[in-house]
Amino acid sequence: MKRNTDVLIIGGGPAGIVCALTARWNYPEKKILLMRDVEQGVIPCGIPYMISSLEKPEQNAASYSSLEKQGVDLVVERAVRIDRKTKTVHTESGNDYLYEKLVLALGSTPILPPVSGIEKKGVYPIKKDLGYLTKMVEDIKKCRKILVLGGGFIGVEFADELSRIKGLEVVVVEMLPHLLANSFDPEFSKLVEEKLRSQGVRILTNTRVEEILGDEKVQKARLSNGDEMDIDRVILGIGAKPNTKLATDAGLELGRGKGIWVDEYMRTTDPDIFAIGDCAGKREFFTRKDAPILLASIATAEARVAGANLYQLKVLRENKGTIGIFSTYVGGLVLGSAGMTENTAKREGFDVISGKAEVVDKHPSKLPGAQKVLIKLVFSKESQALLGGQVAGGMSCGELINTIGIAIQKRFTITELETFQMATHPYLTPPPTMYPLVLAAQNAAKSR
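No gaps in the numbering here: position 52 of the sequence shown is 52 in our numbering, and each next residue is one more.
Right under this line is the structure:
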């Protein structure tokens, strides 16, 4: 079967969905078709919460109803080859789809560490497929001791959720000195470690898994310190890598970070093919180095740029690089990170100054639900520009880190943050006399 469309989007994750909707709003006369390779996708960031927080795994299912309402055609097909000369995508089932503009929203694939025995039954990489994840959750709830391999965001959030299952022993193994070490300085990582340990999670840092032992099923793990640990399930939480095979087979170039090379408007080396989301290359905001920042929030921002600019440049991209802005929730503790940590900035050659503040997020502090907020801001000593920030505390930190993110993007200086104008309310914010962004900037100013 041959089918013609104006815009063909391959990928049914957040990037693909947002790109399709943006394209519909900007080009209402065009035929738009979205192709996904799983019957039912999921909300990626919600995957850990399928373990305990959600009553049923299907409550984390992705919704495609907004696409149908906007007249976007949907098909479940696996694309296997792109013929750029004829502008045709060939699928596994033998169907052909002809396009004017093609958008690759191929997502990412789980990183499989070079560990002997990783293929054994009971080892679970994280896949964005509802059927697969539903079976994984059902199986995990039958086990007694589970090893979470990796102490990044995936590993930490899974450990938090798994710790709520009565009778389940949870162990996190991380090769770096601290959990979340790529996104937080040690004083913030330690807060996460303390929280998880208080929930009964065992944490082994500076440690690697050398081998997974057992006949066909997982039975033990051999660690880099020589110890062997009895386990019966493994979660692979060491991250993901760009899914680029379809693109490279079509002759599209990759960047140094192994994502598909794109320009500022998400165009690949073929002007009629765009790439967005996890499969597309990223360049770090300050250094312009390739950066593996795989986030749904970044993916949807890229999707809006691509969807608007498919046929003409309508949206000019002011943000010339990717800022990693992360947030997580662990046992009631909210943490956020934006831009560079102090350690990262120093490794990149910046002479930095930092400022800290600790306040209560309501005023007066005795109001119900008031929680402490810890904030750290990192500045370039020479230019005084904000390079990064980290926060920890209650729910208000979820948006506080976004404020820090836009301040980085707009290159705010210490002085601009010292004179920051804000709205305050007793139930909603710290007092205007103790606003955390201002206090941290003032603290940094002492080192100028």
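All C-beta atoms in this analysis are idealised placements derived from N, C-alpha and C, irrespective of residue type, glycine included.
Query: Would you check if the distance between the CB atom of Leu333 and the CB atom of Lys195 is smaller than 7 Å?; Result: yes
Query: In terms of alpha-carbon separation, which member of Ile10, Val80, Lys446 lies closest to Ala250?; Result: Val80
Query: Which of the three DSSP states is assigned to Glu264 in this structure?; Result: coil
Query: Is Lys245 helix, strand or coil by DSSP?; Result: helix
Query: For the alpha helix (DSSP H) that Ala345 lies in, which residues bound it at each end?; Result: 342 to 347
Query: Please name the residue, chosen from Val7, Ala159, Ala423, Ser63, that lies closest to Thr328 on a Cα-to-Cα basis.; Result: Ala159
Query: When DSSP labels each residue in this structure, what does Ile111 get in the three-state scheme?; Result: coil
Query: Between which two residues does the alpha helix (DSSP H) harbouring Lys101 extend?; Result: Where Lys101 is concerned, there is no enclosing alpha helix (DSSP H), although the beta strand (DSSP E) it sits in stretches over 101 to 104.
Query: Residue range of the alpha helix (DSSP H) that Ile189 falls in?; Result: At residue 189 the sequence reads Ser, which differs from the Ile that was named. Ser189 -> alpha helix (DSSP H) spans 186 to 198.
Query: Pop quiz: Gly11 and Gly277 are said to be a contact at Cβ under 8 Å. What is the actual Cβ separation, rounded to whole angstroms?; Result: 7 Å
Query: Is it right to say Tyr435 is buried, meaning 16 or more other beta carbons lie within 10 angstroms of its own, or is it exposed?; Result: buried
Query: Beta-carbon separation of Lys145 and Asp232 under 7 Å?; Result: yes
Query: For the putative contact between Ile165 and Ser52, defined by C-beta atoms under 8 Å, what is the C-beta separation to the nearest angstrom?; Result: 6 Å
Query: CA-CA distance, Pro364 and Asp272?; Result: 57 Å
Query: At a Cβ threshold of 7 Å, is Thr433 touching chain C?; Result: Absent from the structure: chain C. Only one protein chain is present.
Query: Give, in chain order, every unbroken run of the alpha helix (DSSP H) that is at least 4 residues long and sits entirely within the segment 400 to 439.; Result: 414 to 418
Query: Taking 6 Å as the limit between beta carbons, can you name the residues of its chain near Met175, skipping five residues before and five after?; Result: Arg208
Query: Quick one, are the C-beta atoms of Ala338 and Gly257 less than 7 Å apart?; Result: no
Query: Quick check on the burial criterion: 16 or more other C-beta atoms within 10 angstroms. Buried or exposed for Lys289?; Result: exposed
Query: Mind pulling the beta strand (DSSP E) runs of 3 or more residues that sit fully within the segment 296 to 332?; Result: 325 to 330
Query: Compute the distance between the beta-carbons of Asp96 and Lys2, then report whether it is under 7 Å.; Result: yes
Query: Per DSSP, what are the beta-bridge partners of Ile238 in this structure?; Result: Partner(s): none; Ile238 has no beta bridge.
Query: Just the C-alpha distance for Ile17 and Val76, rounded to the nearest angstrom, thanks.; Result: 14 Å
Query: Using the three-state DSSP reduction, which class does Thr88 fall into: helix, strand or coil?; Result: strand
Query: Might you give, ordered along the chain, the residues of its own chain that have their beta carbon closer than 8 Å to the beta carbon of Pro48, omitting 5 neighbours on each side?; Result: Ile154, Glu157, Phe158, Asp160, Glu161
Query: Just list the residues that DSSP pairs Asn4 with in beta bridges.; Result: Leu98
Query: Looking at Glu210: is its Cβ nearer than 7 Å to the Cβ of Arg197?; Result: no
Query: Who are the near neighbours of Ala345 in its chain, counting only those whose CB is closer than 6 Å to its CB and skipping five residues on each side?; Result: Val352, Val378, Leu387
Query: Taking just the CA atoms, how far does Arg78 sit from Gly321?; Result: 31 Å
Query: How long is the line joining the alpha carbons of Gly13 and Val72, rounded to whole angstroms?; Result: 15 Å
Query: Can you pull the DSSP bridge partners for Lys220?; Result: Leu213, Asp230
Query: Going by alpha carbons, who is nearest to Gln312 out of Asp6, Asn4, Ile9, Tyr27?; Result: Tyr27
Query: Please determine, among Phe326, Leu316, Val330, Met50, the residue with the shortest C-alpha to C-alpha distance to Gly394.; Result: Val330
Query: In the DSSP output, what is Gly151 paired with across the bridge?; Result: According to DSSP, Gly151 bridges with nothing at all.
Query: What do you get for Ala532, buried or exposed, if any count of 16 or more other CB atoms within 10 angstroms of its CB means buried?; Result: Residue coverage of the chain in this structure runs from 1 to 448, which leaves residue 532 outside it and unanswerable.
Query: Check for me: the alpha helix (DSSP H) holding Ile32 runs from which residue to which?; Result: It is not in any alpha helix (DSSP H) - Ile32 instead sits in the beta strand (DSSP E) that spans 32 to 36.
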